[in-house]
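Numbering (this note's numbering), first residue to last: 2 to 333.
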Amino acid sequence: MERARQLTRRDLLKFAGIGTAELLLFSCTSSQQPSNATSPEKPSPTISPESHALGEHDKFHYRSEGKNLPVTPFLYLPFSRVDFGKVTVAQGWEANENEKARSKVVAHEAIDFAAPYGTKVVAPCDGIVISSCEEGWRVVGENQVVYNGKKVAYGGGIFVEIAREDGQRVQLLHLSSLDSSIPFSKPNPKKDGGWSPTKHSLPFDELKKIGKPVKAGDIIGTVGLTGLELGTLGKYQGEDRPLSVTENELETWDEVGAHVHLEIFERNEKGGKFGRRDPFAIYSTFDKYSLDGKKPLGKDPLFYLNQGIPQTSARLSLRDWAQFVTNILRQA
């Protein structure tokens with residue numbers, strides 16, 4: 002009986018198969034935020050990766066260039082806390098087999114967060130934000146890519162780019178709509194009927210003149226599947242800003258369906274991307290999360306997406322904790 006009274010939360014987690022790193026994650030509060038994120042007084046709808054950085058996956062990676070970098074914890078998840086239970090990871094660094102077959106794309110170099118169409122997307126970091134559109138027909142060599150007898154469109158669709166003063170850039174692609182506060186740069190028409198985005202790749206100092214400051218947690222748009230159409234191009238393209246489109250207006254070749262493609266990188270002097278970076282240290286953990294988009298993230302290392310962090314202060318209530326342990330045991 003005395004031993005039962007002395008059981009700590011760590012003991013419960015250990016019993017549930019969860020290590021110290023995960024305990025640290027669940028001990029975090031909404032006030033533990035990156036130094037350059039929103040202030041503690043403003044409730045954050047998202048979770049700081051600081052606690053995750055304490056775990057075994059303690060580095061971000063330049064996977065495309067084979068370089069490791071120290072952790073610079075400034076990213077949150079691009080969703081409000083209340084929506085965490087709806088989110089799955091559908092694709093990581095490598096394109097999954099179906100995408101390779103349908104679009105002929107191999108290097109994905111980003112994370113796809115699948116969520117119900119129209120789910121609110123929030124800024125995962127502070128910075129200067131701008132948006133544009135990108136789409137065109139997918140061509141490999143001289144061959145038009147076709148799926149089920151229809152041409153495959155490929156591009157970022159309606160997207161947002163957030164630039165940070167330290168050189169990091171974050172893109173969120175395939176949105177179904179933009180928040181009215183987000184500046185939009187009209188794309189240039191392409192010969193194939195698609196569009197090329199504009200001004201998003203400007204140097205930081207120039208982007209500050211036309212973009213808008215954004216804080217982590219600010220709403221920037223909604224989940225969609227623009228840029229991934231089948232047989233058509235850009236039904237969402239308006240004269241001055243993209244049109245908000247419903248799910249049944251767009252046919253897609255992508256089996257994932259509605260999702261947000263998140264990638265982090267830097268830009269060179271010519272505006273080109275380099276140094277694509279692992280934002281949440283899960284690219285290298287294919288055995289730890291589902292790639293089929295049919296279930297939430299597993300309990301290691303980003304299992305907090307399964308249920309979301311309970312809305313509490315410094316410590317979980319006994320009821321919250323009991324429910325948490327019960328959920329973990331059910332998943333085991």
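Just so it is clear, CB atoms sit at the ideal spot from N, CA and C, and this is done for glycine as well.
Residue i to residue j span [Cα, whole Å]
| i | j | result |
| --- | --- | --- |
| W138 | D84 | 33 Å |
| H175 | I220 | 15 Å |
| F61 | I159 | Caution applies to F61, whose pLDDT of 35 falls short of 50 and renders its modelled position unreliable; the model cannot decide the point. |
| R268 | S202 | 7 Å |
| K213 | L226 | 24 Å |
| V257 | A91 | 7 Å |
| Y77 | W196 | 30 Å |
| D206 | V140 | 35 Å |
| Q172 | K192 | 25 Å |
| V215 | S182 | 10 Å |
| P188 | L244 | 14 Å |
| D167 | K274 | 15 Å |
| E252 | Q238 | 15 Å |
| G218 | S81 | 7 Å |
| S52 | T89 | Summary for S52: the model assigns pLDDT 33, below 50, so the residue's position carries little reliability; its value from the coordinates is reported in the next sentence. Cα-Cα distance, rounded: 20 Å. |
Expected contact under 8 Å - CB spacing of residue i and residue j to nearest Å
| i | j | result |
| --- | --- | --- |
| T120 | V224 | 4 Å |
| V123 | P184 | The Cβ separation is near 17 Å, so there is no contact. |
| E143 | P198 | Actually they are not in contact, since the Cβ atoms of E143 and P198 sit about 24 Å apart, beyond 8 Å. |
| F266 | R170 | 6 Å |
| K236 | E250 | 6 Å |
Proximity test, residue i beta-carbon vs the ligand PLP heavy atom, cut-off 7 Å
| i | result |
| --- | --- |
| E230 | Judged by which ligands are present, the structure shown has none, so any question about the ligand PLP falls away. |
Closest residue to residue i among the options (Cα-Cα distance)
| i | options | result |
| --- | --- | --- |
| D241 | T89, F114, Y77 and S133 | S133 |
| I163 | P204, D193, N149 and K192 | P204 |
| S186 | L251, G258, K210 and L76 | K210 |
| C126 | G273, G235 and E264 | E264 |
| K271 | K200, Y155 and P243 | K200 |
| V161 | G128, E250 and D206 | G128 |
| I131 | G150, P188 and L208 | L208 |
| G150 | G156, K216, T233 and G239 | T233 |
| L229 | G239, G218, H260 and D167 | H260 |
Spatial neighbours of residue i in its chain, beta-carbon cut-off 6 Å, leaving aside the 5 residues before and after
| i | result |
| --- | --- |
| W254 | R103, Y148, V153 and L231 |
| G222 | V122, L176, S178, L179 and D180 |
| H262 | A111, D113, L174 and H175 |
| G194 | L234 |
| G157 | E135, L174 and G228 |
Sequence-distant residues of the same chain with beta carbon closer than 7 Å to residue i, five excluded per side
| i | result |
| --- | --- |
| K87 | A116, P117 and T120 |
| Q145 | W138 and K152 |
| P190 | W196 |
Cutoff 8 Å: residue i Cβ touching any chain D Cβ
| i | result |
| --- | --- |
| P188 | The structure shown contains no chain D; it holds only a single protein chain. |
Contacts around residue i, its chain only, beta-carbon distance under 8 Å, and the 5 residues preceding and following it disregarded
| i | result |
| --- | --- |
| Y155 | S104, V106, E136, G137, W138, R139, V146, G228 and L229 |
- Item | Contiguous beta strand (DSSP E) assignments of at least 3 residues, all confined to the region 128-183 | DSSP runs (the beta strand (DSSP E)) wholly in the region 128-183: 128-138, 154-164 and 170-179.
- Message: As an exercise, report each continuous beta strand (DSSP E) stretch of at least 3 residues that is fully enclosed by the region 248-273, in chain order.
- Response: Taken in chain order, the complete beta strand (DSSP E) segments of 3 or more residues contained in the region 248-273 are 260-268.
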